[in-house]
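Chemist:
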Amino acid sequence: MATAGKPASSSAPKPFDFSDDSVPKRVVLSIDQQRCCLEALEVFKDKRFSSPEKIRQEFMTLQRKQGVCLLGRARRTGLA
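In this text, residue positions in the sequence shown follow full-length UniProt numbering: the first is 1, and each later residue adds one.
So, in structure tokens, the structure goes:
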């Protein structure tokens with residue numbers, strides 16, 4: 001139990017490890033994947049200026065869906 005003036009844990013936080021093996025490998029996209037990414041980026045840029053509220057709503061919908069998926073998984077595995 002932590003008391004006033006004493007940390008709850010005796011271990012110091014670990015510093016970030018930026019060694020060569022912690023850097024992700026560069027992903028090479030196919031021409032089709034590049035085209036899809038560029039298309040999505042253009043749609044996002046257009047939407048960002050024309051309807052930022054729609055982006056917020058879509059993001060909130062994605063978060064809710066992710067929460068539902070995680071809750072379902074937790075129930076199936078007996079964690080909830």
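We treat Cβ as the ideally placed atom computed from N, Cα and C, and that holds for glycine.
Give me the Cα-Cα distance between Val27 and Gln34, rounded to the nearest whole angstrom.
Modeler: Your numbering for residue 27 matches position 27 in the sequence shown. Your numbering for residue 34 matches position 34 in the sequence shown. If I take the Cα positions, the gap works out to 11 Å.
Chemist: Once the 5 residues before and after Lys47 are set aside, which same chain residues still bring their CB inside 7 Å of it?
Modeler: Along the sequence shown, read from residue 1 onward, the residue named residue 47 stands at position 47. So the list reads Lys54, Ile55, once near-sequence residues are dropped.
Chemist: What three-state label does DSSP hand Ser50 in the structure shown?
Modeler: For the purposes of this step, residue 50 is taken as residue 50 along the sequence shown, with counting starting at 1. Three-state result, Ser50: helix.
Chemist: DSSP state of Leu29, grouped into three classes?
Modeler: If you number the sequence shown from 1, residue 29 lands on position 29. Reduced to three states, the DSSP call for Leu29 is coil.
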